[in-house]
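Start counting the sequence shown at 754; every next residue gets the next number (the working numbering).
Positions of the beta carbon are idealized from the N, C-alpha and C atoms, including for glycine.
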Amino acid sequence: MNPTLHIKVCGMREPASLAAVATLQPDFLGFIFYPKSSRYVGEELSADNLNNLPPSIKKVGVFVNETTEIIRQRVQEFKLDMVQLHGDETAAQCQELRAPGLLVMKAFALGGKFDFDALLPYVPHCDYFLFDTKGEQPGGNGLTFDWDLLRDYALPVPYFLAGGLDLAHAETLRNLQLPGLFAVDLNSRFEISPGEKDPTRLQQMFQQLRGVTPTPYIEGGHAECSEASRVQSLPN
C-alpha cells in the first residue's frame, strides 16, 4: 500500500456536487477555467463556493494557453492555491506565475513514447508535473496510458497521475510504486455528467485508496474536515 498517495478530484463545477465531494476530504480539488472544456466553471461557481471549502483542501485552477495576467486575476478572485497549466505553456510562463503561496503544476500528455529530457527546462519552475493521456482534448479524455513509461522517471519534481482512472484501477493504484508519484487525479470516470461528480463512486474510490471510510455527504449539512484526518500534510 502507498500511504503517501494523495487524491485530486478535477473538473468541479456544480455547487451541490462540490459540497458533496468536499466532505470526502480530497487533498486537491480542480476547477477548469478553459472555456472550450465541457467542465468549464463558467457562471456555475462563485468565489464564495470555493472560499467555503475547508483549508485542508487545496484549490487548483486549470488553465489552457491562458495569459499570465488572466491567470493571476483568477488566482486572486478565487483564492487558488495552485495553477495547473494544461496546454503549451512555456517554462518561462511557469517561472512568471510561481510565487509565495502559489504552487505551479505543468501537465504533459504521454503517448507511446515520451522524451522526459524535454521537461528539464521546467524543473526549476514547477512544484509538480501532471502526466495525462494524449487525446483530442487537453484533458478529461477518459483514457489511460502505459504507466510503465514512468518506471524510470528520475526528475526531482513529484507528479500527479491522470488519465481515465477508475474504480477498476483502485487496487493497482493503492500498491503502485512509481518513482516520483505524489497523487492521482480523478475526473471523467466519476461523473454523472460533465462537472457533476458521483459522490458514491468517489467514496468507494477513496475508501479503497486510503483503506478507511471517508465521511459521507449528508444532504443539508456539512461534515467536519480536520487537518489531522489527512493522509499526509501538504506543502504550504
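The segment 887-936 is shown to contain whole alpha helix (DSSP H) runs of 4 or more residues at 923-927, in chain order.
If you look at E822, you'll find it isn't in any beta strand (DSSP E); it sits in the alpha helix (DSSP H) that goes T821 to F831.
Between the segment 795-804 and the segment 815-828 there are fewer than three inter-stretch CB-CB distances shorter than 8 Å, so the stretches are not counted as touching. The three-state secondary structure of S946, taken from DSSP, is strand.
Taking a C-beta distance under 9 Å as the contact criterion, L955 and L934 do not qualify as a contact pair. With contacts defined as CB atoms closer than 9 Å, S770 and K950 qualify as a contacting pair. In chain order, K812 and G814 place their CB closer than 6 Å to the CB of L833, counting only its own chain and leaving out the 5 sequence neighbours on each side. Secondary structure note for Q957: its alpha helix (DSSP H) is the uninterrupted segment P952 to R963. Beta bridge pairing from DSSP links F781 with K761 and K811. Distance from the CA atom of D880 to the CA atom of G795, rounded to whole angstroms, is 27 Å. Under a 10 Å Cβ-count criterion, A915 is classified as buried, with 16 or more other Cβ atoms of the shown protein chains found around its own Cβ.
The alpha-carbon of Y793 is positioned some 22 Å away from that of T776. C-alpha of P911 to C-alpha of F781: approximately 15 Å in a straight line. With at least 16 other beta carbons inside 10 angstroms of its own, R766 counts as buried.
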